Amino acid sequence: MVERKSCQQLKKMKINRNTNIILTNEDKSNGFKSLKTAGMTIHHYPMIKTSKQTNFKTINFNDYDAFIFTSRNGVRYFFDMEFAKNKKKINAICIGSKTEKYLKKYNVKIVYTSKRAYSKVLCKDLKTSRIIDSKRVLLVQGSLAKNNLGECLKKFCLLTKFVPYKTELIKNFDKSLKSLLDNFPTYSVFTSQSSFEAFSKLYDPSKTNIISIGNTTSDHIRNSGYVPLITSKMQTYEGIAGSIIEYFENNN
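Residue numbers for the sequence shown follow our numbering, beginning at 32 and rising by one.
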């Protein structure tokens with residue numbers, strides 16, 4: 032497939048109120064506040080929505096030696112389950128500092144946190160450390176999570192996957208977003224593969240400059256035939272915001 036570069040990708044703009052940043056993550060977050068402080072105009076058009084899973088089997092916590100959390104949503108929806116409320120005596124493993132920070136609110140024991148928010152990094156680290164070798168492990172993920180991490184972990188631990196929430200792609204076309212894309216230079220931020228997938232089914236990605244949260248999402252975008260203008264160095268909202276500001280500072 033031939034890669035199609037965004038039509039505005041090579042435009043260099045100063046940071047001002049005419050710099051339109053489109054956020055596609057589900058909830059409004061303070062992680063992007065530095066963009067507004069820098070003088071950019073922020074538009075929030077969520078491309079995914081999550082909801083609590085209602086069809087699930089109750090978990091017996093004694094059946095598992097460790098619990099792996101890969102996202103804030105995973106933590107939130109898991110501990111919102113009736114059987115999981117007030118459960119603190121678990122050994123938790125998580126991806127990245129943001130998931131760890133959110134997990135600490137539940138006062139559980141965190142035995143390991145990967146330095147980078149990538150599944151392949153976590154799996155490699157756990158294999159090297161051998162802390163879950165032959166252990167009974169519960170992997171907590173959303174309904175649209177890829178199987179890469181689970182397949183990797185299965186090679187050295189006794190893995191069970193639990194899905195506490197489902198992720199759905201937004202399917203409603205928004206005329207105001209279409210108008211924004213058609214009439215103004217824009218920079219669209221994608222924090223997951225799912226958010227880009229939903230966006231590309233409704234709008235033309237070539238009409239905006241594409242910004243990605245990390246390499247995994249960028250790879251997905253490239254495989255879809257588009258080229259991200261910016262790939263965040265850190266897999267957090269604050270990291271994306273910092274990468275955007277750095278880009279404009281270097282391209283004035």
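Beta carbons are placed, not taken as given, at the ideal position from N, Cα and C, and that holds for glycine.
In this text the structure is predicted, and so the values were computed from the model without any measurement.
Report yes if the CB atom of residue i is closer than 8 angstroms to the CB atom of residue j, and no otherwise.
| i | j | result |
| --- | --- | --- |
| ALA97 | VAL142 | yes |
| ILE252 | SER219 | no |
| LYS118 | PHE87 | no |
| ILE53 | HIS74 | yes |
| LYS136 | GLY173 | no |
| SER263 | ILE276 | no |
| LEU200 | ILE79 | yes |
| THR85 | ASN104 | no |
| ARG147 | GLN266 | yes |
| LEU208 | TYR76 | yes |
Under three-state DSSP, which class holds residue i?
| i | result |
| --- | --- |
| CYS125 | strand |
| ALA69 | coil |
| LYS197 | strand |
| LYS202 | coil |
| THR101 | coil |
| ILE275 | helix |
| VAL171 | strand |
| SER60 | coil |
| LYS136 | helix |
| PHE227 | helix |
| LYS192 | strand |
Determine the closest residue to residue i out of the options, with distance taken between C-alpha atoms.
| i | options | result |
| --- | --- | --- |
| ILE231 | ILE244, CYS154, LYS202 | Per the sequence shown, the amino acid found at residue 231 is Ser instead of Ile. Answer by Cα proximity: LYS202. |
| SER223 | ILE276, THR159, ILE271, TYR278 | ILE271 |
| TYR234 | ASP205, SER225, GLY256 | ASP205 |
| PRO195 | SER237, GLU57, MET112, PRO77 | MET112 |
| SER250 | LYS238, TYR149, ARG167 | According to the sequence shown, residue 250 is Asp rather than Ser. Cα-wise, what sits closest to ASP250 is TYR149. |
| ARG167 | LEU175, LYS186, THR159, ASN178 | LYS186 |
| LYS158 | PRO236, LEU189, ILE121, SER82 | LEU189 |
| THR247 | GLU269, ALA176, LEU208, SER274 | ALA176 |
| ASN61 | TYR278, PHE279, TYR268 | TYR268 |
| ASP164 | ASN281, TYR95, ASN49, THR68 | TYR95 |
Looking only at its chain, what residues have a beta carbon closer than 8 angstroms to the beta carbon of residue i, apart from the 5 residues adjacent to it on each side?
| i | result |
| --- | --- |
| PHE100 | VAL106, PHE109, ALA123, ILE124, CYS125, ILE126, THR130, LEU134, VAL171 |
| ASN51 | MET71, THR72, HIS74, LEU211, PHE215, PRO216, THR217, TYR218 |
| VAL33 | For VAL33, the pLDDT reaches just 41, beneath the cut-off of 50, and the residue's location in the model is therefore unreliable, leaving the point undetermined. |
I'd like the list of long-range same chain contacts for residue i, defined as Cβ closer than 7 angstroms, with 5 residues on each side in sequence excluded.
| i | result |
| --- | --- |
| SER145 | ILE126, GLY127, VAL152, LEU153, ASP156 |
| LYS42 | At LYS42 the pLDDT is 43, less than 50, meaning the model places this residue with poor confidence and gives no usable figure here. |
| LYS116 | PHE110 |
Within a Cβ cutoff of 6 angstroms, which residues of the same chain sit near residue i, ignoring the five residues on either side of it in sequence?
| i | result |
| --- | --- |
| PHE227 | PHE221, ILE252 |
| THR191 | LEU169 |
| SER65 | ALA272 |
Would you verify that the beta carbon of residue i is, or is not, closer than 8 angstroms to some beta carbon of chain C?
| i | result |
| --- | --- |
| ILE242 | No chain C appears in the structure shown, which is made up of a single protein chain. |
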